[in-house]
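Below: the structure, in structure tokens.
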Amino acid sequence: MEPRGVSSVIATILLVGVVVILGSVLSIFTLGIAEDLDAPAPQASFDFDWEKSTRTLTIRHEAGDVFDQSNTERLEVVIRDEDETGQNDFLIARGDWANQSDGRLSVRAGDTFVITGERGGGDIDVERDGADVDDDSETHEPEIDDPVQIIWYGTDGTSFVVSEYVIKSGEDP
Numbered sequence: 005m006e007p008r009g010v011s012s013v014i015a016t017i018l019l020v021g022v023v024v025i026l027g028s029v030l031s032i033f034t035l036g037i038a039e040d041l042d043a044p045a046p047q048a049s050f051d052f053d054w055e056k057s058t059r060t061l062t063i064r065h066e067a068g069d070v071f072d073q074s075n076t077e078r079l080e081v082v083i084r085d086e087d088e089t090g091q092n093d094f095l096i097a098r099g100d101w102a103n104q105s106d107g108r109l110s111v112r113a114g115d116t117f118v119i120t121g122e123r124g125g126g127d128i129d130v131e132r133d134g135a136d137v138d139d140d141s142e143t144h145e146p147e148i149d150d151p152v153q154i155i156w157y158g159t160d161g162t163s164f165v166v167s168e169y170v171i172k173s174g175e176d177p
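When we follow the numbering used here, the leftmost residue of the sequence shown carries the number 5, and every step to the right adds one.
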């Protein structure tokens, strides 16, 4: 076997590998995939406080990124409830903490979102920084073991769960 023939095959394989890598990198930038890599969902820390006696859930933006019109289409708080079998989630509360369509779009450290339910059902009261908010809530108050999510919707149509919390029974005021 002649050594020149082996090095020619290795050189061809290396050349094909380099062309494939360059083609992949070029396609990432030309297809716009790289833009998504540069713009991750905002990162923030939230504090959840459940007051069992008043059926009130207070959510506070503690620290991190500001949610505003440069990076956010909508910031939504969602509370779900499972049926008795634990299989099906039912939406029990949804409120826009921030939304570009109605001009309420600036959530920063110190801002609060409060959901209060009436014992035994009825209307849910939703407040953003002390002001009432129109919401799409169902008539079911928050209760023990309900999962709570803060969902971010980006201006490019992407969505991401920014924070999650489950209401626990031991959290009495």
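Ideal Cβ positions, reconstructed from N, Cα and C, are used throughout, including at glycine.
For S110, collect the residues of the same chain with a Cβ closer than 6 Å to its Cβ; drop the 5 residues on either side in sequence, then sort them by chain order.
Counted from its first residue, the sequence shown places residue 110 at position 106. Here the set comprises D72.
Could you check how far apart the C-beta atoms of D85 and D150 are, in whole angstroms? I think they sit under 8 Å.
Here residue 85 refers to the residue found at position 81 of the sequence shown. Here residue 150 refers to the residue found at position 146 of the sequence shown. Sure, about 5 Å apart at Cβ, within 8 Å.
According to DSSP, residues forming a beta bridge with E66:
Along the sequence shown, read from residue 1 onward, the residue named residue 66 stands at position 62. Answer by DSSP bridge pairing: none, since E66 is not bridged.
On the DSSP bridge assignment, give the partners of S2 in chain order.
No answer is possible for residue 2: it lies beyond the span of the chain, which begins at 5 and ends at 177.
I need the DSSP call for S31, collapsed to helix, strand or coil.
Position 27 of the sequence shown, counting from 1, holds the residue named residue 31. Looking at S31 - three-state DSSP - the assignment turns out to be helix.
According to DSSP, what are the bridge partners of P151?
As a first step, residue 151 must be located in the sequence shown, where it is residue number 147. V170.
Pick helix, strand or coil for S4, following the three-state DSSP scheme.
Outside the displayed range of the chain (5 to 177) lies residue 4, so it cannot be described from this structure.
Own chain partners of G114 with C-beta closer than 6 Å, once the 5 adjacent residues on each side are dropped
Within the sequence shown, residue 114 is the residue found at index 110, counting from 1. Cβ within range, chain order: n/a, list empty.
Would P46 be called buried (16 or more neighbouring beta carbons within 10 Å of its own) or exposed?
On the sequence shown, residue 46 is found 42 positions in, with the first residue counted as 1. P46 is buried by the Cβ-count criterion.
For I83, which of V70, R112, I63 and I17 has the nearest alpha-carbon?
Residue mapping note: residue 83 aligns to position 79 of the sequence shown, counting from 1. Of V70, R112, I63 and I17, the residue nearest in Cα terms is I63.
Spatial distance of A67 from R112 (CA atoms)
Working through the sequence shown from its first residue, we reach residue 67 at position 63. Working through the sequence shown from its first residue, we reach residue 112 at position 108. Cα-Cα distance, rounded: 8 Å.
Less than 7 Å between C-beta atoms, sequence neighbours within five positions excluded: which residues of the same chain meet that for S49?
On the sequence shown, position 45 is the one that residue 49 refers to. Counting only Cβ-Cβ distances below 7 Å, and skipping sequence neighbours, we find E66, A67 and G68.
If you drop the 5 nearest sequence neighbours on each side, which residues of the same chain put their C-beta closer than 6 Å to that of R15?
Reading the sequence shown from its first residue, position 11 is the one you call residue 15. It is worth fixing the name first, because residue 15 is Ala in this sequence and not Arg. Correct list: empty, nothing qualifies.
Please look up how many angstroms separate the CB atoms of F52 and Y169, rounded, as I've assumed it's under 8 Å.
The residue given as residue 52 occupies position 48 in the sequence shown. The residue given as residue 169 occupies position 165 in the sequence shown. The pair is a contact, with the Cβ atoms about 4 Å apart (cut-off 8 Å).
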